[in-house]
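Numbering (the numbering used here), first residue to last: 15 to 285.
Even for Gly, the Cβ is constructed at its ideal location relative to N, Cα and C.
Heads up: the structure comes next, in structure tokens.
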Amino acid sequence: MDYNVQIHHLDVTLDPDAKHQLQNELRALAALYIKPLPNYQIFKPTSSTSLKDKIVVVIRDGKGNLAGFVSAILIPINGIVEDIVLHSGITVIHENHRKSPVKKLLFSNLIMSVLRSYPRGIWFTSLAEVISSLVHFGNYVTNVFPSPSYEATHGTNLPTAVHLHIAKEINRLHRPKLNISPDAVFDEKTFVFLGSNDWDQGRGFMKDIDDTSLWSKDKESSKFYKSFLRYGAGDEVLQVGYLDLKTILVAMDKEGFNSDKNNLVSKVSNY
């Protein structure tokens with residue numbers, strides 16, 4: 015199936031009416047799967063700032079129907095080289111397209127778009143309870159904490175000073191942007207927000223961590239991340255890593271993408 019990719023830096027590329035129309039589309043798709051739909055990020059119906067710091071990648075099928083989207087956030091973090099972190103944000107894919115390349119198209123185009131502005135790389139974070147998402151994050155991102163490969167690379171299972179600084183700043187200043195419960199407890203050794211989804215604005219994201227259909231095909235990595243989470247508690251793992259253009263292009267080529275530093279990603283025929 016052919017897909018159309020649209021990338022919106024929403025503070026500059028859409029007029030108010032177009033923003034409103036797009037936001038309504040995204041809310042309608044998300045409401046099919048996230049119940050209740052939280053009042054945060056791209057889903058805020060009236061906030062003038064709900065779109066300001068976002069990069070939204072939208073995938074449509076050949077008929078123009080919305081197949082999926084990712085709404086990522088640029089978060090200011092003082093004390094690092096770029097003074098900015100990209101957070102993966104919200105991803106929603108229509109059930110009819112979950113066995114298609116839509117997820118890879120969303121994230122590859124997000125990453126390549128961001129790296130046009132930060133060609134030397136940028137720190138990247140994700141927060142999830144979905145085990146397959148935690149595993150997937152490591153496919154494109156280097157130096158990820160926590161991850162199965164981190165201890166082998168660093169000789170320790172503790173975060174570096176930079177990883178910890180980013181995580182602590184998110185915990186201190188940016189919980190609302192990540193929809194983290196005000197009552198969640200942050201574990202600085204594991205980067206787990208205990209009870210992050212266990213509140214009225216987060217329960218729509220809670221998952222059964224024992225449901226292996228939500229695991230990655232990489233069972234060992236899936237078990238690794240499952241060990242961080244308590245059953246039914248709404249815990250989420252914060253992952254902190256670095257987007258490096260060279261590493262990403264290698265990963266994309268392995269997965270069947272045609273890409274280079276001057277172009278956004280186009281999918282070749284393997285699906």
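The distance from the Cβ of Ser195 to that of Gly209 is about 6 Å, consistent with a contact at the 8 Å cut-off.
From the listed residues Phe121, Asp67, Lys113 and Tyr164, the smallest Cα separation to Val84 is found for Phe121. Per DSSP, the beta-bridge partners of Leu80 are Arg74. In the DSSP assignment, Ala142 falls within the unbroken beta strand (DSSP E) covering Ile136 to Ala142. Exclusion of the five residues before and after Asp16 leaves Gly76 as the residues of its chain whose Cβ lies within less than 6 Å of its Cβ. In the DSSP annotation of this structure, Leu28 is not part of any alpha helix (DSSP H), being labelled neither H nor E.
Val128: member of the alpha helix (DSSP H) spanning Val116 to Ser131, first to last residue. Inter-residue distance for Pro160 and Lys182 is about 14 Å (C-alpha atoms, whole angstroms). With fewer than 16 other Cβ atoms from the protein chains shown falling within 10 Å of its own Cβ, Pro90 counts as exposed. When DSSP assignments are scanned along the region 139 to 176, the uninterrupted stretches of beta strand (DSSP E) that are 3 or more residues long and fall wholly within it turn out to be 156 to 159.
Here Leu243 is buried. Its C-beta has 16 or more other C-beta atoms within 10 Å.
Under DSSP, Ile48 takes part in no beta bridge, so it has no partner.
Taking 8 Å as the upper bound for CB-CB distance, Val72 and His22 are in contact here, some 7 Å apart.
In this structure, DSSP gives Tyr256 an extended state, which the three-state scheme calls strand. Following the DSSP letters along the chain, one finds Ser102 inside the beta strand (DSSP E) bounded by residues Ile98 to Ile107.
The beta-bridge partner set that DSSP reports for Ile87 consists of Lys68 and His101. Nearest neighbour of Asp212 by Cα position, chosen from Asp224, Lys191 and Ala247, turns out to be Ala247. Counting of Cβ neighbours within 10 angstroms places Ala32 among the exposed residues, the total staying below 16.
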